[in-house]
Amino acid sequence: MLKLLSKIFVLLLPLALALSSCGDQVSSTPQTPTDQTMKHHDTPHIKQEKFGSVDGQDIIQYTLSNPAGMEVKIINYGGTLTSIMVPDSAGRWGDVLLGFDSLQGYLQKENPYIGCLVGRYANRIANGKFTVNGKVYQLPLNNNGNSLHGGQKGFSRVVWTAKPLPETNSVQLNYHSKDGEEGYPGSLNVQVVYTVTNVNELKIEYLATTDKGTPVNLTNHAYFNLSAGKDSTVLGHTLTVNADHFTVVNDKQIPTGALDSVKGTPMDFNQPLAIKTNIDKVPGGYDHNWALRKSTPGEPELAATLYHQGTGRRLEVFTTEPGIQVYTGNFLDGSLTGKYGRKYVKHSGICLETQHFPDSPNHPSFPSTLLRPGEKYRQTTIYKFSTR
Ligand code: GLA
10 MLKLLSKIFV LLLPLALALS SCGDQVSSTP QTPTDQTMKH HDTPHIKQEK FGSVDGQDII
70 QYTLSNPAGM EVKIINYGGT LTSIMVPDSA GRWGDVLLGF DSLQGYLQKE NPYIGCLVGR
130 YANRIANGKF TVNGKVYQLP LNNNGNSLHG GQKGFSRVVW TAKPLPETNS VQLNYHSKDG
190 EEGYPGSLNV QVVYTVTNVN ELKIEYLATT DKGTPVNLTN HAYFNLSAGK DSTVLGHTLT
250 VNADHFTVVN DKQIPTGALD SVKGTPMDFN QPLAIKTNID KVPGGYDHNW ALRKSTPGEP
310 ELAATLYHQG TGRRLEVFTT EPGIQVYTGN FLDGSLTGKY GRKYVKHSGI CLETQHFPDS
370 PNHPSFPSTL LRPGEKYRQT TIYKFSTR
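The working numbering puts the first residue of the sequence shown at 10, with every later residue one more than the last.
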């Protein structure tokens, strides 16, 4: 009998240990430096702290870090990135992400999608209308008579289920979007995994499945400013976009269906170019989708590079997606105050939204965004930080 009991104990011990270290619970116990060091040598420690609550649901902030010291913070409200700390070329750390100090900042209705996940369909759908299997679907219109970023709440203003995955230094977020939610057909299971690698990358892996045909286009709406507070705008940042064409839009930012060459236009970022160089020639500023040059579909490839000379910080964006919406924070007008008491003036940050083209459901010539039952939607985007 004793033998049997000790056998059970030996069998269950590893399970108990694994459960106690899996970090699913919210722990506010500060780690001793020894703990931290030890954990980094084996399984990384993912810090969790309460950030507030929404409709009685706890909002938790997770901190992913790597041995080099890079730190990324994520909350389960909107799957929002709240901070990215990376060094400059002199080894000084700075937060290169726009964001707010508290949950209230993210909850305010004026929050222009700062750092959050965007879906079910990122960007615009003309007149909020599309057809799947002969059936016409009408979405609520929230942007000049069109649908923008998945509707009123989309995936940006909802609470996601979060789970830390210390083994891979990741946080996994899940959201179940019901059939008919925001007007979209099919119940959609979405999973997003944020991972911080040892080479200062933030990797975002998206996965979705549906039980009815539906358009899906997921992205993240992080606003970057690599100066980390040195420059109030990104106009002095240098941008490179790996694209020969962009999608032409009408005055309501809806694609006409045409793809124009960037050659000889202010849209040509094939060579590194300061954002300010031609921005005045683009009415309203940059808020366009570039059609990326791709060689291996399904593989993350370099889409864009952002560089800030003053600090030497560089951000390279790799993606599996065919497009990137470059948005230079044109609608920021100084009325929002973010972290560190910074006022978010026009062009304070730049979004590099990797995605399918806007209004794809209404343009058969664009890469398809239709997800059918039995299929898997996948997209991977990597934000890689370095200095030069
Ligand atoms: C996207 C759009 C912009 C704007 C922002 C949010 O990037 O393309 O036009 O709506 O989101 O302010």
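Backbone N, C-alpha and C fix where the C-beta goes; we use that ideal spot for every residue, glycine too.
Cut-off 8 Å between Cβ atoms - residues of its own chain near Gln-280, not counting five sequence neighbours on either side: As a first step, residue 280 must be located in the sequence shown, where it is residue number 271. Hits under 8 Å: Thr-249.
At least 3 beta-carbon pairs within less than 8 Å: the segment 324-336 vs the segment 352-362: yes
Segment limits, alpha helix (DSSP H) that includes Leu-116: For this step, residue 116 is matched to residue 107 along the sequence shown. First-last of the alpha helix (DSSP H) with Leu-116: 112-116.
Nearest-angstrom beta carbon gap, Phe-164 and Val-199 [assumed within contact, 8 Å]: Looking up residue 199 in the sequence shown gives position 190. Looking up residue 164 in the sequence shown gives position 155. Going by Cβ atoms, the distance from Val-199 to Phe-164 rounds to 7 Å, so yes, they are a contact pair.
Continuous beta strand (DSSP E) stretch holding Gly-103: start and end: In the sequence shown, counting from the first residue as 1, residue 103 sits at position 94. Segment 102-104, the beta strand (DSSP E) holding Gly-103.
Rounded separation between Gly-32 and Lys-172 - CA only: Counting from 1 along the sequence shown, the entry for residue 32 is found at position 23. Counting from 1 along the sequence shown, the entry for residue 172 is found at position 163. A caution first: Gly-32 carries a pLDDT of 32, below 50, which makes its placement in the model unreliable, though a value can still be read off. Near 8 Å, if we compare the C-alpha coordinates of Lys-172 and Gly-32.
Range of the contiguous beta strand (DSSP E) that encloses Glu-214: One-based indexing of the sequence shown puts residue 214 at position 205. Per DSSP, Glu-214 belongs to the beta strand (DSSP E) from 210-219.
Residue list, Cβ distance to ligand 1 heavy atoms smaller than 7 Å: Pro-121, Tyr-122, Asn-132, Asn-152, Leu-157, His-158, His-230, Gln-262, Asp-296, Gln-334, Tyr-336, Phe-340, Cys-360 and Glu-362
Cβ-based burial, Asn-120 [other Cβ within 10 Å; buried from 16]: Numbered from its first residue, the sequence shown carries residue 120 at position 111. It counts as buried.
Buried or exposed (CB count within 10 angstroms, at least 16 for buried), Thr-286: On the sequence shown, residue 286 is found 277 positions in, with the first residue counted as 1. Label assigned to Thr-286: exposed.
Beta-carbon spacing of Glu-191, Arg-129 below 8 Å: Translated into positions along the sequence shown, residue 191 becomes position 182. Translated into positions along the sequence shown, residue 129 becomes position 120. Yes, they are a contact pair.
Where the beta strand (DSSP E) containing Asn-298 begins and where it ends: To locate residue 298, count along the sequence shown from 1; it is residue 289. From DSSP, the beta strand (DSSP E) with Asn-298 extends over 296-301.
Same chain only: Cβ atoms within 6 Å of Phe-278, ignoring 5 sequence neighbours per side: As a working note, residue 278 is residue 269 in the sequence shown. Within the same chain, Phe-278 has close Cβ partners Leu-248, Thr-249 and Val-250.
Exposed unless 16 or more other CB atoms sit within 10 angstroms - verdict on Ser-377: Residue numbering aside, residue 377 sits at position 368 when the sequence shown is read from its first letter. Answer is exposed; the Cβ neighbour count stays below 16.
Whole-angstrom distance between Val-326 and Leu-315, CA atom to CA atom: Numbered from 1 along the sequence shown, position 306 holds the residue referred to as residue 315. Numbered from 1 along the sequence shown, position 317 holds the residue referred to as residue 326. C-alpha separation (whole angstroms): 8 Å.
Inter-residue Cα distance where the pair is Gly-137 and Glu-308: Position 128 of the sequence shown, counted from the start, is the residue given in the question as residue 137. Position 299 of the sequence shown, counted from the start, is the residue given in the question as residue 308. Each residue's Cα considered, the two are about 31 Å apart.
Endpoints, the beta strand (DSSP E) within which Lys-172 is located: As a first step, residue 172 is located in the sequence shown; it is residue number 163 there, counting from the start. Per DSSP, Lys-172 belongs to the beta strand (DSSP E) from 170-174.
Nearest residue (CA-CA) to Gly-103, options Pro-175, Asp-240, Gly-273 and Gly-143: By one-based count along the sequence shown, residue 103 stands at place 94. When each option's Cα is compared against that of Gly-103, the closest is Asp-240.
Burial state of Ser-111, where buried means 16 or more other Cβ atoms lie within 10 Å: Locating residue 111 in the sequence shown gives position 102, where the first residue counts as 1. Exposed, because fewer than 16 other Cβ atoms sit within 10 Å of the Cβ of Ser-111.
Selection from Tyr-203, Ala-231 and Tyr-122 that minimises the alpha carbon distance to Leu-157: As a working mapping, residue 157 is identified with position 148 in the sequence shown. When only C-alpha atoms are compared, the closest one is Tyr-122.
Whole-angstrom distance between Gly-383 and Gly-124, CA atom to CA atom: Locating residue 124 in the sequence shown gives position 115, counting from the first residue. Locating residue 383 in the sequence shown gives position 374, counting from the first residue. Cα to Cα, Gly-124 sits roughly 31 Å from Gly-383.
For Gly-273, the three-state DSSP class (helix, strand or coil): Sequence index remark: in the sequence shown, residue 273 carries index 264 (1-based). The answer is coil: DSSP assigns Gly-273 none of H, G, I, E or B.
From Ile-83, Thr-223, Ile-134 and Tyr-146, residue whose alpha carbon lies closest to that of Thr-265: In the sequence shown, the residue the question calls residue 265 occupies position 256. That would be Ile-134, whose Cα lies nearest to the Cα of Thr-265.
Burial state of Tyr-349 (16 or more Cβ within 10 Å): For the purposes of this step, residue 349 is taken as the residue at position 340 of the sequence shown. Looking at its Cβ environment, which holds fewer than 16 other Cβ atoms inside 10 Å, Tyr-349 is exposed.
Gly-78 classed as buried or exposed, judged by whether at least 16 other C-beta atoms fall within 10 angstroms: Counted from its first residue, the sequence shown places residue 78 at position 69. It is exposed - the Cβ of Gly-78 has fewer than 16 other Cβ atoms within 10 Å.
Endpoints, beta strand (DSSP E) assigned at Phe-164: Reading the sequence shown from its first residue, position 155 is the one you call residue 164. That residue, Phe-164, is in no beta strand (DSSP E); it is neither H nor E in DSSP.
8 Å Cβ cutoff, Gly-103 in contact with chain D: The chain labelled as chain D is not found in the depicted structure, where only one protein chain is given.
7 Å Cβ shell around Leu-345 - same chain, five flanking residues per side excluded: Locating residue 345 in the sequence shown gives position 336, where the first residue counts as 1. Result list for Leu-345: Glu-119 and Tyr-353, in chain order.
Status (buried if at least 16 other CB within 10 Å, exposed otherwise) for Arg-322: As a working mapping, residue 322 is identified with position 313 in the sequence shown. So Arg-322 counts as buried.
Under 8 Å between C-beta atoms of Lys-355 and Asn-339: To locate residue 355, count along the sequence shown from 1; it is residue 346. To locate residue 339, count along the sequence shown from 1; it is residue 330. The answer is yes: Cβ separation under 8 Å.
Whether Pro-194 touches Thr-218 by CB criterion (8 Å): Locating residue 194 in the sequence shown gives position 185, counting from the first residue. Locating residue 218 in the sequence shown gives position 209, counting from the first residue. Cβ atoms of Pro-194 and Thr-218: not closer than 8 Å.
Beta-carbon proximity of Lys-212 to Thr-389, cut-off 8 Å: Taking the sequence shown and counting its residues from 1, one reaches residue 212 at position 203. Taking the sequence shown and counting its residues from 1, one reaches residue 389 at position 380. Their beta carbons are under 8 Å apart, which means Lys-212 touches Thr-389 by this criterion.
Rounded straight-line distance, which links the Cα of Leu-216 to that of Thr-204: Residue numbering aside, residue 204 sits at position 195 when the sequence shown is read from its first letter. Residue numbering aside, residue 216 sits at position 207 when the sequence shown is read from its first letter. Using only the alpha carbons, I get a separation of about 14 Å.
Delimiting residues of the beta strand (DSSP E) encompassing Ala-77: The residue you call residue 77 lines up with position 68 of the sequence shown. Looking at the DSSP string, Ala-77 is not in any beta strand (DSSP E), and its letter there is neither H nor E.
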